[in-house]
RNA sequence: UGCCUGAUAGUAUAAUGGUAGUACGACUGUUUUUGGUGCAGUUUGUCUUGGUUCGAAUCCAGGUCGGGCAACCA
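Residue numbers (the numbering used here): 103 to 656.
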């Protein structure tokens, strides 16, 4: 293999570290806070962290960053585990920052003993004011010069629950004049009399992110701690604690988080969509969550492929959602079984068809020679799509029109002889004649037609509900659009087709697979689908050059 | 106003002092019993001004523009 694959900048760092013998093998981690469901942005991080370990023969921990008991819940923990697994990754260990609360508390005591932390009685407003501004140094208060003994005692009293929330905090004593605001005596422990989803009521003080994340990394011997760009200013602090505490020197590296067009990618906003019922839940198929995409029918492999294609870099980006859709189609084209479903039926009577009906066969997947065929019943009366007929066709319209011929997929060529209108002028019925010798597979008619239509036998059709999804927002860059992001919600993001006509094979199909409804797009059975009421989600449409053509003409 | 970051086709991402390439998008053509797929092709780019060098996307200096930083969130 002479194929040279270019590395992203983190892979370069890893390779350099390995080549220099800095580590024998690498350890990464994926560290979500269990305060919401995972979204496609997390998928990028998951693929990066797990991918690194896979590629370089290391391991990846799943670590829940659960240091804020008031926002975190077990429901989220379960959903996160489920999503990571579904994406196809196995973690070495399932860990929690809360596992380390004793050790982290010990680190805090050590810092106090070294004279590098102090208990501050100031209010949150006072602390903010004393921090100064980016251009003005902060000022020390009287608490900063408390003795080690005092600090030890007060911190212990904090732990014992002698104070109310907000009465006291523990701060690292670093540099109130630092250019980096995070170094101006950051708070490292706060009092929260709250129930924790894992440690219950054992603790009433909890470490802040900055005093838990790096410490957890060190405890787990994480070699490469990868996070997003907004943590760059935290790195100095991260390193300071590692140095002062003399713990394992994990290194933090930052990459640009994923932004995607026509969607939101923040847990806060996603939570809002759920709570205010703009969507039906975290797994609403329109959501950018992993669970939403799974329900919508996006294959895990397609999401992985997408994450691979967008790359890892440090500049801000806004990825076109059509790239994700491309990856979904690429995957589904190879795997989805083809079925025929008519959404907006128009009855066709095949006037010269005298038989009782017959069973025809159609390939499950033309891309897969081993995919086999299924049985498709044919009869004198069928349904085709309403927009597959035009009374006065344009020149490039290759479908049904008076006198025009088309092939019915896997069946016969038919010719439109006549049509029937109701009192309102709506076409209600087509009368066609078929060419008996044009039967699919044994066509001796010699006739070539330009159009092929999907269809279902009226006698054998089964009912199905079909849900069509469009983008949830109608502006590209939702996060940077002016005003409230909810003003940009696309009111037409869901269209329900309550009574589509489906071919009967669908009744016997297993529901976990991806379908392609011929000429309609890719679909999957929704979790609400039952044998008596089939419900399908449109995963993504087919590329539609005809629609483009029509648009151009209009 | 300070500090930290970043800037390559429409969107992403390579080229690590030596031919600016790839993918998606867009557009052509071709194949096709899905106006799908496949195949072939076209299109568009190094933020700017100087400097170093035989040679600069890459190194240096200044500028411009974008993002981040002053939560008892992560």
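Glycine included, every Cβ here is placed at the ideal spot set by N, Cα and C.
At what residues does the beta strand (DSSP E) containing residue i begin and finish?
| i | result |
| --- | --- |
| residue 178 | Unbroken run through residue 178 is the alpha helix (DSSP H), 176-188; no beta strand (DSSP E). |
| residue 530 | 529-536 |
| residue 464 | 460-465 |
| residue 540 | Residue 540 -> no beta strand (DSSP E), and no H or E assigned at all. |
| residue 164 | 161-166 |
Between the options, which has its C-alpha nearest residue i's C-alpha?
| i | options | result |
| --- | --- | --- |
| residue 647 | 326, 641 and 622 | 622 |
| residue 575 | 122, 423, 604 and 512 | 423 |
| residue 419 | 359, 387 and 378 | 359 |
| residue 417 | 331, 613, 640 and 174 | 331 |
| residue 161 | 560, 319, 278 and 194 | 194 |
| residue 598 | 572, 167, 474 and 222 | 572 |
| residue 476 | 438, 466 and 515 | 466 |
| residue 129 | 143, 121, 153 and 300 | 153 |
| residue 463 | 523, 528 and 514 | 514 |
| residue 276 | 346, 121 and 364 | 346 |
| residue 610 | 414, 634 and 592 | 634 |
| residue 587 | 560, 624, 643 and 366 | 366 |
Locate the alpha helix (DSSP H) running through residue i, then write down its first and last residues.
| i | result |
| --- | --- |
| residue 207 | 203-215 |
| residue 340 | 337-347 |
| residue 618 | Note, residue 618: premise wrong, no alpha helix (DSSP H); beta strand (DSSP E) at 617-619. |
| residue 647 | 647-655 |
| residue 259 | 250-261 |
| residue 118 | 111-121 |
| residue 518 | Counting along the chain, residue 518 falls outside any alpha helix (DSSP H), though it belongs to the beta strand (DSSP E) covering 515-523. |
| residue 437 | 423-437 |
| residue 315 | 315-321 |
| residue 658 | Outside the shown range of the chain, which is 103 to 656, sits residue 658, and nothing can be said about it. |
| residue 403 | 402-412 |
| residue 583 | Here residue 583 belongs to no alpha helix (DSSP H), and DSSP marks it neither H nor E. |
| residue 395 | 392-398 |
Please list, in chain order, all residues of the same chain as residue i whose beta carbon is under 7 Å from its beta carbon, the five residues on each side excluded.
| i | result |
| --- | --- |
| residue 590 | 575, 576, 577, 580 and 583 |
| residue 105 | The predicted position of residue 105 is uncertain, since its pLDDT is 45 and thus under 50; no value can be drawn from it. |
| residue 267 | 293, 294 and 295 |
| residue 391 | 139, 140, 141, 372, 384 and 385 |
| residue 226 | 268 |
| residue 435 | 469 |
| residue 145 | 189, 392, 405 and 409 |
| residue 151 | 130, 131, 132, 162 and 328 |
| residue 613 | 627 and 631 |
In chain order, what residues of the same chain lie with their CB nearer than 8 Å to the CB of residue i, ignoring the 5 residues before and after it?
| i | result |
| --- | --- |
| residue 606 | 479, 562, 563 and 564 |
| residue 210 | 219, 257, 272, 290, 291, 309 and 313 |
| residue 254 | 211, 214 and 215 |
| residue 109 | 117 |
| residue 569 | 387, 596, 597, 598, 599, 628, 637, 638, 639 and 640 |
| residue 223 | 245, 269 and 270 |
| residue 594 | 572 |
Classify residue i as buried or exposed, calling it buried when 16 or more other Cβ atoms lie within 10 Å of its own Cβ.
| i | result |
| --- | --- |
| residue 103 | Because residue 103 carries a pLDDT of 32, less than 50, the predicted location of this residue cannot be relied on, and no value is offered for it. |
| residue 655 | exposed |
| residue 550 | exposed |
| residue 107 | exposed |
| residue 397 | buried |
| residue 430 | buried |
| residue 111 | exposed |
| residue 497 | exposed |
| residue 249 | exposed |
| residue 303 | exposed |
| residue 369 | buried |
| residue 199 | buried |
| residue 157 | exposed |
Apart from the five residues just before and just after residue i, which ones in its own chain have a Cβ nearer than 6 Å to its Cβ?
| i | result |
| --- | --- |
| residue 119 | 125 |
| residue 637 | 567, 628, 630 and 631 |
| residue 506 | 518 |
| residue 552 | 500 |
| residue 298 | 171 |
| residue 602 | 443, 445, 566 and 568 |
| residue 173 | 137 |
| residue 520 | 533 |
| residue 546 | 539 |
What I want to know is whether the C-beta of residue i ends up closer than 8 Å to one or more non-hydrogen atoms of the ligand COA.
| i | result |
| --- | --- |
| residue 523 | The ligand COA is not part of the structure shown, which contains no ligands of any sort. |
Sufficient close CB pairs (3 or more, under 8 Å) joining the segment 201-212 to the segment 232-239:
no
Tell me whether the segment 437-455 and the segment 551-561 touch, counting them as touching only if at least three CB pairs, one residue from each stretch, are closer than 8 Å.
yes
Could you tell me whether the segment 317-327 touches the segment 130-140, where touching means 3 or more Cβ pairs closer than 8 Å?
yes
Check whether the segment 281-290 touches the segment 316-325, counting contact only when three or more Cβ pairs, one atom from each stretch, lie closer than 8 Å.
no
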